[in-house]
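Just so we're aligned, residue 1 is where the sequence shown starts under the UniProt record's numbering, counting upward by one.
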Amino acid sequence: MSLAVLSSRALFGLQVRPVQVEVHVGGGLPTFSIVGLPGAGVRESRERVRSALLSSGFEFPAGRITANLAPADLPKDSGRFDLPIALGVLLASGQVADVRGQAPDVRHYVLAGELSLTGSIVPADAALAIALSVARDDPEAVLIMAPASAAVAARVPGLRVLAASGLDEVVAHFSARLELPAAAPARDEPADEVSVPCLSDVRGQAAARRALELAAAGGHGLLMSGCPGVGKSMLARRLPGLLPPLSAEQALEVAAVHGLARSDPTVSRVPPFRAPHHGASMPALVGGGARPRPGEISLAHHGVLFLDELPEFGRQALEALREPLETGCVTIARAAGGCTFPARFQLVAAMNPCPCGWHGHPHPRRECHCTREVIARYRARISGPLLDRIDLHVGLGVEPAWMDAPPGEHSAQVRERVWAARRRQHARQGCLNAALDGAALDRHGDPGAEGRALLMRAASTWGWSARAARRTQRVARTLADLQERDRVEAGHMAQAIQYRSDVAA
Numbered sequence: 001m002s003l004a005v006l007s008s009r010a011l012f013g014l015q016v017r018p019v020q021v022e023v024h025v026g027g028g029l030p031t032f033s034i035v036g037l038p039g040a041g042v043r044e045s046r047e048r049v050r051s052a053l054l055s056s057g058f059e060f061p062a063g064r065i066t067a068n069l070a071p072a073d074l075p076k077d078s079g080r081f082d083l084p085i086a087l088g089v090l091l092a093s094g095q096v097a098d099v100r101g102q103a104p105d106v107r108h109y110v111l112a113g114e115l116s117l118t119g120s121i122v123p124a125d126a127a128l129a130i131a132l133s134v135a136r137d138d139p140e141a142v143l144i145m146a147p148a149s150a151a152v153a154a155r156v157p158g159l160r161v162l163a164a165s166g167l168d169e170v171v172a173h174f175s176a177r178l179e180l181p182a183a184a185p186a187r188d189e190p191a192d193e194v195s196v197p198c199l200s201d202v203r204g205q206a207a208a209r210r211a212l213e214l215a216a217a218g219g220h221g222l223l224m225s226g227c228p229g230v231g232k233s234m235l236a237r238r239l240p241g242l243l244p245p246l247s248a249e250q251a252l253e254v255a256a257v258h259g260l261a262r263s264d265p266t267v268s269r270v271p272p273f274r275a276p277h278h279g280a281s282m283p284a285l286v287g288g289g290a291r292p293r294p295g296e297i298s299l300a301h302h303g304v305l306f307l308d309e310l311p312e313f314g315r316q317a318l319e320a321l322r323e324p325l326e327t328g329c330v331t332i333a334r335a336a337g338g339c340t341f342p343a344r345f346q347l348v349a350a351m352n353p354c355p356c357g358w359h360g361h362p363h364p365r366r367e368c369h370c371t372r373e374v375i376a377r378y379r380a381r382i383s384g385p386l387l388d389r390i391d392l393h394v395g396l397g398v399e400p401a402w403m404d405a406p407p408g409e410h411s412a413q414v415r416e417r418v419w420a421a422r423r424r425q426h427a428r429q430g431c432l433n434a435a436l437d438g439a440a441l442d443r444h445g446d447p448g449a450e451g452r453a454l455l456m457r458a459a460s461t462w463g464w465s466a467r468a469a470r471r472t473q474r475v476a477r478t479l480a481d482l483q484e485r486d487r488v489e490a491g492h493m494a495q496a497i498q499y500r501s502d503v504a505a
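The structure is reproduced here in structure tokens:
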């Protein structure tokens, strides 16, 4: 057999695409060529494959070897193609045969792994993303990877994953001399409630605590404004403790995204919480790079993105959040093509009322000296369209007697109400209230004639856009759900309006 065809996977962002590895061994001067738009990491495979074959006790064919990675117009990088190329060389040169002396059937096998010079298989990046793609494309597929990668890939239900430590074990498997062991799934990280801070740690700030519960119940974005030290960050970090645990599918999806940032992602049912520094660039926030990597908004997928000191972020970075907040995904455009990362996160932001932080909050020893022009420039760093996309705006005031205040409700108590409200939403409309729009919002969130009049009067008074008014209507629907009401009433709309008037004023 002078031609062998095997299957592997190429990665572009989070998009995993099938790649056929075609290896031909023919006569002529000894050469080893890899074609099919290979990157630097793939071109270097020639030396790794050559050394791995010799170190494993196989012959390196003295002929013209051509490895084609199809489709040819798809960029390919990383050393994960070493294993299929090496096995292809052995198959094409007739060094691998089953007990009947025939070439083994490799049609349903997918191989991904970098080879060391000794012939051992090095764990591949993005093992979980590759496994999810393989399971989706071919229910009969068998994935072969290094033991560490195979343990990660085996978390995907219904996928058969085999673990191989070296090239010689893979050859022995296809020669029917050794059966590769099935990989045991790595243990998932438990949803440990102790690791998530409890809401009872926050003393006082009853209005902000209520806003946090409301945000958790409906999946709404939240902007907190207040002077330094009043508890904005403390409240934000307790939001994941109010959210329901991720489903098995969501946990795998989150782990696949995180697997692009680190080689050994943990699968956890706890919603992710990301809090980037305000000096983060736009690529760090939304993703990018020559080989696209997910940014903070994608790493917060199915979780919480907390932006502290919101006006201190770069204007370009903040404006890049507008599309993901609406669509739940972000597209990185490159000359070789665009790649899309999921970014369905819940935004929680915090800011001071002015650069010094004390405007509008009288303090016996601190006084705001910021002029109206300085305050206006500071607040103008956040554009109106971005503010429109944040459902809840709440102000936090100084509470001098906070030390004497009793501890607030435990997260477990609030969580029960939040989960009950979410169950009502999913049973009624199949999604959270924050995702309601169009006819569905009119059908499930109609506040009646009195409520509509209140909303129109508020929109006219504060100059709200249609988007801001619709988001207020969603908040009213969540308030009704927390009170276990089937219909939105005028009182719910009046409360919802108060959650936008502070910052707008």
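By construction, the Cβ of each residue, glycine as well, lies at the ideal position given by its N, Cα and C atoms.
Q.
Checking the sheet assignment: what are the DSSP bridge partners for Y109?
A. Position 109 of the sequence shown, counted from the first residue, corresponds to residue 109. Paired residue(s): V142.
Q.
Could you tell me the alpha carbon to alpha carbon distance between R470 and A439, rounded to whole angstroms?
A. The residue labelled residue 470 in the question sits at position 470 within the sequence shown. The residue labelled residue 439 in the question sits at position 439 within the sequence shown. Looking at the two C-alpha atoms, the distance is approximately 12 angstroms.
Q: Kindly indicate which three-state DSSP category N68 falls into: helix, strand or coil?
A: Mapped onto the sequence shown, residue 68 falls at position 68. In this structure, N68 counts as strand in the three-state DSSP scheme.
Q) Apart from the five residues on each side of it in sequence, which residues of its chain come closer than 8 angstroms, Cβ to Cβ, to P447? A) Taking the first residue of the sequence shown as 1, we reach residue 447 at position 447. Taken in chain order, the residues that qualify are L454, L455, Q473, A476, V488, E489, A490, H492, M493.
Q: Using 10 angstroms around the beta-carbon of E193, count the other beta-carbons present and answer buried if the total reaches 16, otherwise exposed.
A: The residue you call residue 193 lines up with position 193 of the sequence shown. For E193, the predicted model reports a pLDDT of 46, less than 50, meaning its position is unreliable; a value from the coordinates is still stated below. E193 comes out exposed.
Q) By the 10 Å Cβ neighbour count, where 16 or more other Cβ atoms means buried, how is S8 classified, buried or exposed? A) The residue you call residue 8 lines up with position 8 of the sequence shown. The Cβ neighbour count for S8, taken over all protein chains shown within 10 Å, is at least 16; the residue is labelled buried.
Q. How many Å lie between residue 506 and S383 at the Cα?
A. Residue 506 is absent from the structure shown; the chain starts at 1 and stops at 505.
Q: Please report how far the alpha carbon of V257 lies from the alpha carbon of V394, in whole angstroms.
A: In the sequence shown, counting from the first residue as 1, residue 257 sits at position 257. In the sequence shown, counting from the first residue as 1, residue 394 sits at position 394. Answer to the nearest angstrom: the Cα atoms are 32 angstroms apart.
**Q.** Simplified DSSP assignment, three categories, for Y378
**A.** As a working note, residue 378 is residue 378 in the sequence shown. Y378: helix per DSSP, three-state reduction.
Q) The alpha helix (DSSP H) spanning Q413 covers which residue range? A) Indexing the sequence shown from 1 puts residue 413 at position 413. Counting along the chain, the alpha helix (DSSP H) containing Q413 begins and ends at 411-429.
Q: Assuming F313 contacts V348 (C-beta within less than 8 angstroms), just tell me the rounded distance between them.
A: Locating residue 313 in the sequence shown gives position 313, counting from the first residue. Locating residue 348 in the sequence shown gives position 348, counting from the first residue. About 14 angstroms; that fails the 8 angstroms criterion.
Q: Label G27 either buried or exposed according to how many other C-beta atoms from any shown protein chain fall within 10 Å of its C-beta, with 16 as the threshold for buried.
A: Stepping through the sequence shown from its first residue, residue 27 is reached at position 27. Exposed, since its Cβ has fewer than 16 Cβ neighbours within 10 Å.
Q.
Using 8 angstroms as the cut-off, can you tell me whether the region 170-182 makes contact with the region 200-214, which would need three or more C-beta pairs spanning the two stretches below that distance?
A. no
**Q.** Of the residues E253, S281, E323, G229, the one placed nearest H301, counting alpha carbons only
**A.** Position 301 of the sequence shown, counted from the first residue, corresponds to residue 301. When each option's Cα is compared against that of H301, the closest is E253.
Q) So what's P406 in DSSP terms, helix, strand or just coil? A) Residue numbering aside, residue 406 sits at position 406 when the sequence shown is read from its first letter. Taken through DSSP and simplified to helix, strand or coil, P406 comes out as coil.
Q. For V35, is the classification buried or exposed, using 16 other Cβ atoms within 10 angstroms of its Cβ as the cut-off for buried?
A. The residue labelled residue 35 in the question sits at position 35 within the sequence shown. Flag for V35 reads exposed.
Q | P294 versus G13 - alpha carbon distance | A | By 1-based counting over the sequence shown, the position of residue 294 is 294. By 1-based counting over the sequence shown, the position of residue 13 is 13. Approximately 7 angstroms, taken between the alpha carbons.
Q. Quick one: what's L307 bridged to in DSSP?
A. Here residue 307 corresponds to residue number 307 of the sequence shown, with the count starting at 1. Answer is A349.
Q: Would you mind working out which of A468, L128, E323, G166 sits nearest E249, comparing C-alpha positions?
A: For the purposes of this step, residue 249 is taken as the residue at position 249 of the sequence shown. That would be L128, whose Cα lies nearest to the Cα of E249.
Q: Confirm, please, whether the CB-CB distance from A124 to S165 is below 7 angstroms.
A: Locating residue 165 in the sequence shown gives position 165, counting from the first residue. Locating residue 124 in the sequence shown gives position 124, counting from the first residue. Against a cut-off of 7 angstroms, the Cβ pair of A124 and S165 comes out as no contact.
Q. Using the rule of at least 16 other Cβ atoms within 10 Å of the residue's Cβ for burial, across every protein chain shown, is A4 buried or exposed?
A. The count along the sequence shown starts at 1 and reaches residue 4 at position 4. By the neighbour-count rule (16 or more Cβ atoms within 10 Å), A4 is buried.
Q: Kindly indicate which residue of P406, G289, A216, R417 has the alpha-carbon position closest to the one of A333.
A: Mapped onto the sequence shown, residue 333 falls at position 333. Residue G289 is the option with its Cα nearest to A333.
Q: Entirely within the region 197-259 and at least 3 residues each: give me those beta strand (DSSP E) ranges in chain order.
A: As summarised for the region 197-259, the continuous beta strand (DSSP E) elements at least 3 residues long and confined to that stretch are 222-226, given in chain order.
(Q) Going by DSSP, what residue range makes up the beta strand (DSSP E) through S8? (A) Indexing the sequence shown from 1 puts residue 8 at position 8. 3-12 is the extent of the beta strand (DSSP E) around S8.
Q. So A92 and S2 are in contact, right, with Cβ under 8 angstroms, and what is the actual spacing, rounded?
A. For this step, residue 92 is matched to residue 92 along the sequence shown. For this step, residue 2 is matched to residue 2 along the sequence shown. Right, their Cβ atoms sit about 6 angstroms apart.
Q. Straight-line CA distance for S45 to A146?
A. Locating residue 45 in the sequence shown gives position 45, where the first residue counts as 1. Locating residue 146 in the sequence shown gives position 146, where the first residue counts as 1. Distance between the alpha carbons of S45 and A146 is about 17 angstroms.
Q.
Given this structure, state the Cα-to-Cα distance separating I85 from T118, to the nearest angstrom.
A. Translated into positions along the sequence shown, residue 85 becomes position 85. Translated into positions along the sequence shown, residue 118 becomes position 118. Between I85 and T118, the C-alpha separation is close to 16 angstroms.
Q.
I'd like to know whether the C-beta atoms of L6 and V25 end up nearer to each other than 7 angstroms.
A. Position 6 of the sequence shown, counted from the start, is the residue given in the question as residue 6. Position 25 of the sequence shown, counted from the start, is the residue given in the question as residue 25. No; because the gap between Cβ atoms is not below 7 angstroms, this pair is not in contact.
(Q) Give me the residue from A70, G57, G41 with the minimum Cα distance to D82. (A) Walking along the sequence shown from the start, residue 82 turns up at place 82. Nearest of A70, G57, G41 to D82, Cα basis: G41.
Q | Span separating the alpha-carbon of L260 from that of H277 | A | The residue you call residue 260 lines up with position 260 of the sequence shown. The residue you call residue 277 lines up with position 277 of the sequence shown. Each residue's Cα considered, the two are about 21 angstroms apart.
(Q) Is it buried or exposed, C431, if we count other Cβ atoms within 10 angstroms and call 16 or more buried? (A) Counting from one through the sequence shown, the residue named residue 431 turns up at place 431. Burial call: exposed.
Q. Would L392 pass as a contact of L222 if the rule is Cβ separation under 7 angstroms?
A. Against the sequence shown, residue 392 aligns to sequence position 392. Against the sequence shown, residue 222 aligns to sequence position 222. Cβ distance < 7 angstroms, so L392 and L222 count as in contact.
Q. Taking all protein chains shown into account, do 16 or more other C-beta atoms lie within 10 angstroms of the C-beta of A251, making it buried, or fewer, making it exposed?
A. The count along the sequence shown starts at 1 and reaches residue 251 at position 251. By the neighbour-count rule (16 or more Cβ atoms within 10 Å), A251 is buried.
Q) Secondary structure at L132, three-state DSSP: helix, strand or coil? A) Residue 132 sits at position 132 when you count from the first residue of the sequence shown. L132 falls in the helix class under three-state DSSP.
Q) Is it true that the CB of L482 sits closer than 7 angstroms to the CB of A217? A) Start at 1 with the first residue of the sequence shown, and residue 217 comes out as number 217. Start at 1 with the first residue of the sequence shown, and residue 482 comes out as number 482. A contact, by the Cβ cut-off of 7 angstroms.
Q | Residue environment, D388, which counts as buried when at least 16 other CB atoms sit within 10 Å | A | Numbered from 1 along the sequence shown, position 388 holds the residue referred to as residue 388. By the neighbour-count rule (16 or more Cβ atoms within 10 Å), D388 is buried.
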